[in-house]
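For reference, the structure is listed below as structure tokens.
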Amino acid sequence: MNGRTSWMAMLAAAFAVTALAEEPPKKREAYKTSTVAIGDIVPPRVVPPCKPGRCPFAGQSVTMLIVKESNEGALGELKREFEEATGAKLNLVQLSHQDLFPHFISDLTNRGGKYDAAYAGAWWLGELVTGDYIIPYDKYYNDPRFPKWRVEDILPAPRSLLSYAGKKYMVANDHDGQVMYYRRDLLADRQHQSAFRQKYGYPLEVPKTWAQFRDVAEYFNGKDLNGDTTPDHGLSMHLKVGAQGMFHFMSFSAPFVIGPDNPKMYWFDPQDMKPLIESPGHVRALSALVDLVRFGPKDMINWDLGQSWDHFLGGRAALTFTWGDLGALAQQPGSKIKGKIASAPLPGTTEYYSVPQRAWVKTAQPNVVGNTTGGSWAGVISKFSKAPEATYYLLSLMASKEKSVVYSVRGWDGIDPGRTYHFLPPDGTGQVKTYLDAGWDETDVRDYLHAYFENFSNKLQFPYLRIPGTYSYWQALDVHLAEAVAGQLTPEVALKAAAVDFDEITIRLGRDQQKRAYRASLGF
């Protein structure tokens, strides 16, 4: 096998092992909650049926790999509409998040054309574009034959993930990023305010720094937070290896490393691909994260994402930080915190370690860094598709404003807000009635949307890694983060081990090739 094929085989094997290790005991995906029910709001029809004999893609077939969802998720909802409008047949192949990439990349490397498209994570673009496996959709974007959507409607940070090397590859859908969630009712309680001030010497307010976040978590840990007389917790997190826990370290650590004079150097030195993951800023961040874990349930070291969300939705934690799904899920039947869940951008730090200066830099205001952490799951078109135009029609239909507005208000489909018409004035052009009609609490949704608007509008953004081998780097980091959280290694030793693994991956893939890809991804 050639180098690329050998590497892909190894990566596919790693994914397969991870998927087997993560098989949940209950019949739900590891990233799904079991506390709340799925709502019944559905998106409107956008395109009419084609007239007999005038269907644009009659006789064609589109097969797409998607994330496993109830009733085939959002794509399943528009299947009939797509088929009636185009004359084409839609086949949806459902797999877990962990299995999507190895199945798609195997088909691509074998030039099989089995799948016309895949529901892709943004980090895939490193492999997919540099390997010349997917096609850009620039030539289709303004073509009147296809449903219209506007890339300009997407806020700058999530919009940047749709393109690679100046070409459009991902058709907009989900817009991932992480914010802080906290119990508004707890922070507004006068008894808690008085006791907190007495203990810590400053007011109980929305945390602006991770140090303040730590104090709030410590204060509420062990108190009854939902009225069932059982002690609850300061925070809820998911830390299980192989369950996307490393994403949380990325968001958490960003302000310890990224700052005004170091907006991009987090992962590697772009001059030589030396790993930066063991810098003093990263080590301090991991030390702070390990300290935080003491204020959550002991079991959360083995929790997947759904378990962490369930804990918070049950009113059993004061704080968490995670994706947009949680804010929407909190509005669904079964949630114990509707009307009590507030949102804010992730806290910052009062100093960060500047890699270029090799020194700590103090800031007058909290150093807050925005993020697009996560998959921002969206459709990409295989180079070997036999029906690329019909495939783009499907993806553009899903990206249309009419569909996206509905997707953004519900939590079960995993599609989060990121477009101007998702946000309320003065941040955007959305209408609060859209959310109220879907069952949202008005105060909750105003907090939620403004937090995401501020996160995505922050000029200082955590640098998203999109180079070949990205997920392999992240898997290595995930393992060593778990060793630190479990107390098996100190944060410094754990990150040194991660740096060694990073370097081995870089050598295996080719240092010069990786450097070119990394510099291109950063705009150097």
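The sequence shown begins at 225 in my numbering and counts up by one.
Don't be surprised by glycine CBs; every beta carbon is placed ideally from N, CA and C.
Computed from a prediction, not measured in an experiment: that's the story for all the values here.
With DSSP run on the structure shown, which of helix, strand or coil describes residue i?
{"i": "residue 578", "result": "strand"}
{"i": "residue 624", "result": "coil"}
{"i": "residue 297", "result": "helix"}
{"i": "residue 614", "result": "helix"}
{"i": "residue 285", "result": "strand"}
{"i": "residue 459", "result": "strand"}
{"i": "residue 517", "result": "helix"}
{"i": "residue 501", "result": "coil"}
{"i": "residue 744", "result": "helix"}
{"i": "residue 530", "result": "helix"}
{"i": "residue 606", "result": "strand"}
{"i": "residue 647", "result": "coil"}
{"i": "residue 246", "result": "Bear in mind that a pLDDT of 34 at residue 246, under 50, signals an unreliable position, so the model cannot answer this."}
{"i": "residue 252", "result": "Annotation note: pLDDT 44 at residue 252 (below 50); position unreliable, no value reported."}
{"i": "residue 313", "result": "strand"}
{"i": "residue 686", "result": "coil"}
{"i": "residue 525", "result": "helix"}
{"i": "residue 378", "result": "strand"}
{"i": "residue 680", "result": "helix"}
{"i": "residue 419", "result": "helix"}
Straight-line CA distance for residue i to residue j?
{"i": "residue 279", "j": "residue 312", "result": "8 Å"}
{"i": "residue 340", "j": "residue 630", "result": "26 Å"}
{"i": "residue 689", "j": "residue 347", "result": "6 Å"}
{"i": "residue 543", "j": "residue 648", "result": "25 Å"}
{"i": "residue 528", "j": "residue 467", "result": "6 Å"}
{"i": "residue 460", "j": "residue 565", "result": "14 Å"}
{"i": "residue 325", "j": "residue 725", "result": "21 Å"}
{"i": "residue 518", "j": "residue 452", "result": "22 Å"}
{"i": "residue 310", "j": "residue 284", "result": "9 Å"}
{"i": "residue 335", "j": "residue 728", "result": "28 Å"}
{"i": "residue 652", "j": "residue 644", "result": "5 Å"}
{"i": "residue 246", "j": "residue 414", "result": "Confidence in residue 246 is poor, its pLDDT being 34 and thus under 50, which makes the residue's placement unreliable; the coordinate value appears in the next sentence. Using only the alpha carbons, I get a separation of about 43 Å."}
{"i": "residue 622", "j": "residue 581", "result": "46 Å"}
{"i": "residue 555", "j": "residue 458", "result": "21 Å"}
{"i": "residue 351", "j": "residue 289", "result": "17 Å"}
{"i": "residue 249", "j": "residue 702", "result": "With a pLDDT of 35 at residue 249, under the threshold of 50, the predicted position of this residue should be treated as unreliable, though the coordinate-derived value follows. Rounded to whole angstroms, residue 249 to residue 702 spans 22 Å at the Cα level."}
{"i": "residue 379", "j": "residue 611", "result": "30 Å"}
{"i": "residue 614", "j": "residue 282", "result": "10 Å"}
{"i": "residue 399", "j": "residue 738", "result": "26 Å"}
{"i": "residue 603", "j": "residue 320", "result": "16 Å"}
{"i": "residue 657", "j": "residue 646", "result": "12 Å"}
{"i": "residue 337", "j": "residue 437", "result": "49 Å"}
{"i": "residue 417", "j": "residue 471", "result": "32 Å"}
{"i": "residue 443", "j": "residue 367", "result": "57 Å"}
{"i": "residue 745", "j": "residue 501", "result": "18 Å"}
{"i": "residue 269", "j": "residue 306", "result": "10 Å"}
{"i": "residue 439", "j": "residue 619", "result": "45 Å"}
{"i": "residue 275", "j": "residue 369", "result": "15 Å"}
Between the options, which has its C-alpha nearest residue i's C-alpha?
{"i": "residue 206", "options": "541, 710, 678", "result": "Nothing can be reported for residue 206: it is not among the residues displayed for the chain, which extend from 225 to 748."}
{"i": "residue 397", "options": "345, 608, 362", "result": "345"}
{"i": "residue 402", "options": "451, 657, 493, 598", "result": "598"}
{"i": "residue 716", "options": "582, 512, 526, 335", "result": "512"}
{"i": "residue 789", "options": "323, 271, 359, 457", "result": "An answer regarding residue 789 cannot be provided, because it is not within the stretch 225 to 748 covered by the chain."}
{"i": "residue 362", "options": "390, 449, 552", "result": "390"}
{"i": "residue 664", "options": "510, 334, 561", "result": "561"}
{"i": "residue 579", "options": "596, 499, 553, 602", "result": "499"}
{"i": "residue 382", "options": "587, 394, 342, 277", "result": "394"}
{"i": "residue 596", "options": "385, 406, 364, 485", "result": "385"}
{"i": "residue 628", "options": "328, 593, 373", "result": "373"}
{"i": "residue 536", "options": "735, 407, 721", "result": "407"}
{"i": "residue 587", "options": "700, 485, 747", "result": "485"}
{"i": "residue 616", "options": "364, 493, 673", "result": "364"}
{"i": "residue 506", "options": "723, 277, 743, 736", "result": "723"}
{"i": "residue 433", "options": "454, 274, 509, 370", "result": "509"}
{"i": "residue 708", "options": "465, 377, 287, 294", "result": "465"}
{"i": "residue 576", "options": "294, 590, 539, 450", "result": "590"}
From the DSSP output, read off the bridge partner residues of residue i.
{"i": "residue 392", "result": "387"}
{"i": "residue 407", "result": "565"}
{"i": "residue 318", "result": "290"}
{"i": "residue 486", "result": "483"}
{"i": "residue 585", "result": "576"}
{"i": "residue 343", "result": "603"}
{"i": "residue 591", "result": "573"}
{"i": "residue 433", "result": "572"}
{"i": "residue 546", "result": "403"}
{"i": "residue 691", "result": "The partner list for residue 691 (beta bridge, DSSP) is empty, contrary to what the question assumes."}
{"i": "residue 359", "result": "605"}
{"i": "residue 509", "result": "According to DSSP, which records beta bridges pairwise, residue 509 is partnered with nothing at all."}
Just checking my contact of residue i with residue j at CB under 8 Å: how many whole Å lie between their CB atoms?
{"i": "residue 749", "j": "residue 404", "result": "Residue 749 lies beyond the range of the chain shown here (225 to 748); nothing can be said about it."}
{"i": "residue 687", "j": "residue 488", "result": "5 Å"}
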